[in-house]
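Residue numbers (the working numbering): 37 to 350. The structure appears below as structure tokens.
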């Protein structure tokens, strides 16, 4: 899926004297590796739900590595296409990015992005026809977002959230019955990502509290739903611990951005929201009795923090 939307502005000035950047670094700046890991974490959460629905003797853990690779490829392809679609805007607003700086050719980024998407579909078809078809749906959602929906005040957050929801549901696409069960859970990442997208609305110029408040309301709704799911389990304590970690990680910066909606505080809230996906996905894993997988997902957080310092997550 693509990164968060960036609103055009003529008031912000950028330092265009950035130090030289190698090709590999330029590609990593475009890919945003921390975000890619959060996408893989979405797949872990979806797989955790699948393990409670599919009989043990039928569940094929050998599919999991292929699905994780699909998640990474689909997200990378979508996020690169976002930079392709935003190339003209970035020349005005983010001239330090690889395409505007001339470090990467737009046509090359587009070709590689499409190649990743085609490869993801191919892997999906190899594993199971349903995975290949569902990956096409994810790709269509990214083009819906990149193709213009991102600029709409309602369709932008909704289409961004849809990309994450479809990503989460990918492991469950193997059965219509599983999808029917999981779609209500799949609405939670839609609401959460919509909140992050709303929070990012004024990350360049700052000054508006309303989107930050809307994001907080959505976050609270997601946290309440996670808590309700956890309390329905026989032993909810581990899942509750992950949810508490999620709240502690996310909400202080969200409230700070609401109280003082300046560009730096908003970017801090957005970064916390993106990386908070690891806490969210870990909580889902724990709720569905895959708490070890949840610990593995949370263990990615220090890696993502370091990657986020070097390569933008927005």
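Glycine included, every Cβ here is placed at the ideal spot set by N, Cα and C.
CA-to-CA distance, residue j to residue i, given in whole angstroms
{"i": "residue 176", "j": "residue 61", "result": "28 Å"}
{"i": "residue 335", "j": "residue 270", "result": "25 Å"}
{"i": "residue 226", "j": "residue 203", "result": "10 Å"}
{"i": "residue 331", "j": "residue 318", "result": "7 Å"}
{"i": "residue 179", "j": "residue 114", "result": "8 Å"}
{"i": "residue 275", "j": "residue 136", "result": "44 Å"}
{"i": "residue 258", "j": "residue 77", "result": "17 Å"}
{"i": "residue 315", "j": "residue 289", "result": "15 Å"}
{"i": "residue 37", "j": "residue 138", "result": "Here the model assigns residue 37 a pLDDT of 49, short of 50, so the residue's position is not dependable, and the following value carries that caveat. Approximately 24 Å, taken between the alpha carbons."}
{"i": "residue 299", "j": "residue 281", "result": "25 Å"}
{"i": "residue 304", "j": "residue 253", "result": "18 Å"}
{"i": "residue 291", "j": "residue 208", "result": "34 Å"}
{"i": "residue 162", "j": "residue 103", "result": "11 Å"}
{"i": "residue 172", "j": "residue 157", "result": "7 Å"}
{"i": "residue 256", "j": "residue 342", "result": "27 Å"}
{"i": "residue 224", "j": "residue 286", "result": "15 Å"}
Cβ neighbour criterion (16 or more within 10 Å) applied to residue i
{"i": "residue 141", "result": "exposed"}
{"i": "residue 237", "result": "buried"}
{"i": "residue 134", "result": "buried"}
{"i": "residue 101", "result": "exposed"}
{"i": "residue 399", "result": "Nothing can be reported for residue 399, as the shown portion of the chain is limited to 37 through 350."}
{"i": "residue 96", "result": "exposed"}
{"i": "residue 200", "result": "buried"}
{"i": "residue 74", "result": "buried"}
{"i": "residue 58", "result": "exposed"}
{"i": "residue 350", "result": "buried"}
{"i": "residue 247", "result": "buried"}
{"i": "residue 212", "result": "exposed"}
{"i": "residue 151", "result": "exposed"}
Contact set for residue i: own chain, Cβ-Cβ below 7 Å, skip 5 residues either direction
{"i": "residue 185", "result": "191, 192 and 195"}
{"i": "residue 149", "result": "113, 116, 117 and 120"}
{"i": "residue 89", "result": "214 and 217"}
{"i": "residue 329", "result": "80, 84 and 321"}
{"i": "residue 66", "result": "116, 119, 134, 140 and 145"}
{"i": "residue 333", "result": "77, 80, 314, 317, 318 and 321"}
{"i": "residue 337", "result": "311 and 314"}
Minimum C-alpha distance to residue i - residue among the options
{"i": "residue 83", "options": "98, 70 and 71", "result": "98"}
{"i": "residue 321", "options": "58, 69, 278 and 92", "result": "278"}
{"i": "residue 309", "options": "323, 283 and 125", "result": "283"}
{"i": "residue 198", "options": "182, 212 and 210", "result": "182"}
{"i": "residue 325", "options": "272, 130 and 348", "result": "272"}
{"i": "residue 189", "options": "234, 301, 222 and 327", "result": "234"}
{"i": "residue 169", "options": "125, 110 and 132", "result": "110"}
Presumed contact (8 Å Cβ cut-off) between residue i and residue j, rounded CB distance
{"i": "residue 232", "j": "residue 306", "result": "6 Å"}
{"i": "residue 218", "j": "residue 85", "result": "5 Å"}
{"i": "residue 70", "j": "residue 265", "result": "Contact flag wrong, Cβ pair sits at about 26 Å."}
{"i": "residue 127", "j": "residue 348", "result": "Actually they are not in contact, since the Cβ atoms of residue 127 and residue 348 sit about 17 Å apart, beyond 8 Å."}
{"i": "residue 210", "j": "residue 167", "result": "7 Å"}
Contacts around residue i, its chain only, beta-carbon distance under 8 Å, and the 5 residues preceding and following it disregarded
{"i": "residue 249", "result": "294"}
{"i": "residue 107", "result": "75, 76, 78, 79, 203 and 206"}
{"i": "residue 263", "result": "276 and 279"}
Own chain, CB closer than 6 Å to residue i, minus 5 neighbours either side, in chain order
{"i": "residue 340", "result": "70, 73 and 311"}
{"i": "residue 153", "result": "113 and 175"}
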